[in-house]
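Peer 1: My questions all concern the structure below.
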Amino acid sequence: MKKLLLFLAIVFVTTSIIAQNNLLFYNFEPVSQNLLVNPSNPHDYRFVIGFPALSGLSVNYQNTLFSLGDYLNFDDGNENLDKIISNLDGNERINLYQNTDLLYGGFGVKKGFVSFGVQQEATFNMVVPSQLLKFIYYGNQSESGDMNYNSSGFNAEAIIQVNYHVGYQHWLLDSTLTVGGRFKYISGTGHGHFKNFGIDLKSDIFEWNIKTDILLETSGYEYIDNFSAFNPFELLNSGNPGWAMDLGASYHLPKMNFSASVLNIGSITWKKDNKIYQSQGEFTWNGIEIDESDQDVNFDDILDSLEQELQFYELTPYNYKSKLPMQIMASYEYQLHPKHAFALTYQGSNWNSKLYNNIGLSYIGRWSKRFDFTAGYSRLAGGMNNIGAGFSTALGPVQLFLMCDNVWGLYKPSQLSATNVRFGINLVFYDAHLKKEKKEKKQKKVKEELNQ
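Residue numbers (our numbering): 566 to 1017.
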């Protein structure tokens, strides 16, 4: 149990606020992988195969409290920490997200497109306990000398999974309406969350009186307890089955396109290597004794003391189910010219019965037959403002794409507070856009000849 407490403590100390952000990628149709976030979006190539483990890599970072330069400025460390803690308002959330496309492919059929692949994902969500952090940092400041803390609203969840997915996009009404869907069979690798997390804390300068009602459900604990015995092949078939659906629709009008999608409608049932812990009771903690000859505090001793007082009991393991964090996306795109378009995009992420909202405005440009560019502004949950850019280029059948949602932050790392980097390499064949251009030119030439 101490290892779990240590893990949570490390997350509190070292982790910044990170958010999954698909605003710039949602309307970038030259890259077939955008079907993973927009299942009905039209795209260029009729046959796509991704390089294994290189067809889609995504790393996301968002921090609403401070820039890296402020955090790493040790001369003003105390002042910066005081500013960070004092600005907490209770709405902060930690959201780490990472994904890798181990395999991706797709091919066109008469009136649609079929896609498939294997994707590894890791997600971590936690509500930042701002009130508790302020109590720890500032100590007792009330007139009575006491402090009170209630943990209502706090939760934390970590999920590691592998998705086997297959999707289909179909064109209706002479391609005016496009509908798409994706089914995902999920192999859950690891999970942990607080089904209940109730702590009432009352404290003065001498002792902490704590009342707990905590239920922690975990699966895949062996990877923490004995990482040397980790078998990577178990990632592909862990024994923890799940499923999910992605749905989307697009309606195309002259120079306009409306689209919407709902992602991750589903759940995972955790059956293997489950460990359940409970702390339920009331106790008084007087801290730990410090050797007067050595004023250094051993963090391991603090964890030992807290673990002993909290009295976490391991319950008889049972199977349990967890819902996936669902996303809602919608966009309006206007085409100024066949080579230039603008899009307004919304993204909502639902977790712990709360919706976190992002919105962005982007430009999509087809600058040449094999080079596409996008740039955009995004306003993220927590008040972050980002300027991003990306491109896709194809040299023969090899397509390379790269995009970042905060270009300035990469140029000036000391001012970095948020970014989203996405990279991939594909093999692409049969450019549908070029075929359409050739067809239009041919029709135009025939009309001119008839007019003559």
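Glycine is no exception: its CB is placed at the ideal position from the N, C-alpha and C atoms.
(1) Flag this pair as yes or no: are the beta carbons of Gly831 and Gly804 separated by less than 8 Å?
(2) What is the rounded straight-line gap between the Cα of Thr1019 and the Cα of Trp932?
(3) Are Tyr878 and Tyr842 touching if we call contact CB-CB under 8 Å?
(4) Enumerate in chain order the residues of its own chain whose CB-to-CB distance from His817 is below 6 Å, with the five nearest sequence positions on each side excluded.
(5) Which residue wins for smallest C-alpha separation from Ile929, given the options His735, Asn917, Ser957?
(6) State the Cα-Cα distance for the pair Gly763 and Gly746, rounded to the nearest angstrom.
(7) Quick test of your reading: Leu967 and Phe988, contact by CB under 8 Å. State the CB separation rounded to the nearest angstrom.
(8) What number of angstroms, rounded off, separates the C-alpha of Pro595 from the C-alpha of Asp609?
(9) Measuring alpha carbon to alpha carbon, tell me which residue in Ser752, Ala721, Leu738 is nearest Asn761.
(10) Can you tell me whether Gln684 is buried or exposed, with buried defined as 16 or more other CB within 10 angstroms of its CB?
(11) By the three-class DSSP mapping on this structure, what secondary structure does Lys776 have?
(12) Looking at Phe823: is its Cβ nearer than 8 Å to the Cβ of Tyr733?
(13) For Leu901, is the classification buried or exposed, using 16 other Cβ atoms within 10 angstroms of its Cβ as the cut-off for buried?
(14) Would DSSP call Asn599 helix, strand or coil?
(15) Given Trp736, which residues of its chain have a CB within under 8 Å of its CB, disregarding the five upstream and five downstream residues?
(16) Using a Cβ-Cβ cut-off of 6 Å (strictly less than) and excluding sequence neighbours within five positions of Ile924, which residues of its own chain qualify?
(17) Who does Arg987 pair with in a DSSP beta bridge?
(18) Buried or exposed: which applies to Met691, given that a residue is buried once 16 or more other Cβ atoms fall within 10 Å of its Cβ?
(19) Can you tell me whether Leu667 is buried or exposed? The criterion is at least 16 other CB atoms within 10 Å of its CB, across all chains shown.
(20) Which residue marks the beginning of the beta strand (DSSP E) containing Phe612, and which one marks its end?
(21) Within 10 Å of its beta-carbon, does Asp811 have 16 or more other beta-carbons around it, so buried, or fewer, so exposed?
(22) When you compare only the Cα positions, how much space is there between Phe631 and Gly953?
(23) Within 10 angstroms of the Cβ of Glu686, are there 16 or more other Cβ atoms? Answer buried if so, exposed if not.
(24) For Asn951, which of Lys699, Pro819, Val986, Gln696 has the nearest alpha-carbon?
(25) By DSSP's criteria, Asp937 is part of a beta bridge. Which residues make up the other side?
(26) Looking only at its chain, what residues have a beta carbon closer than 8 Å to the beta carbon of Asn884, apart from the 5 residues adjacent to it on each side?
(27) When the Cα of Gly757 is compared with those of Leu781, Asn774, Ser768, which residue comes out closest?
(28) By how many angstroms is the C-alpha of Asn587 removed from the C-alpha of Ala908?
(29) Is it buried or exposed for Lys934, if we count other Cβ within 10 angstroms and need 16 for buried?
(30) Quick check on the burial criterion: 16 or more other C-beta atoms within 10 angstroms. Buried or exposed for Glu847?
(31) What residues match up with Val693 in a beta bridge as DSSP calls it?
(32) By Cβ distance below 8 Å, which residues in the same chain neighbour Asp654 in space, the five residues on each side in sequence not counted?
(33) Evaluate His905 with the Cβ neighbour count: other Cβ atoms within 10 Å of its Cβ, from every protein chain shown; 16 or more gives buried, anything less gives exposed.
(34) Rounded to the nearest angstrom, how far is the Cβ of Ser680 from that of Gly813, given a contact under 8 Å?
(35) Quick one: Cα of Met821 to Cα of Leu622, how far?
Peer 2: Short version:
(1) no
(2) Outside the shown range of the chain (566 to 1017) lies residue 1019, about which nothing can therefore be said.
(3) yes
(4) Thr741
(5) Ser957
(6) 39 Å
(7) 5 Å
(8) 5 Å
(9) Ala721
(10) buried
(11) strand
(12) no
(13) exposed
(14) helix
(15) Lys676, Gly677, Leu742, Thr743
(16) Tyr911, Arg944
(17) Ser623, Met968
(18) buried
(19) buried
(20) 610–615
(21) buried
(22) At Phe631, the pLDDT of 48 sits below 50, so the modelled position is not reliable; the number obtained from the coordinates is stated separately. Spanning the two alpha carbons is a distance of roughly 19 Å.
(23) buried
(24) Val986
(25) Arg931, Ser957
(26) Thr834, Trp835, Lys836, Asn839
(27) Leu781
(28) 13 Å
(29) exposed
(30) exposed
(31) According to DSSP, which records beta bridges pairwise, Val693 is partnered with nothing at all.
(32) Ser695
(33) exposed
(34) So it is not a contact: roughly 12 Å between Cβ atoms.
(35) 30 Å
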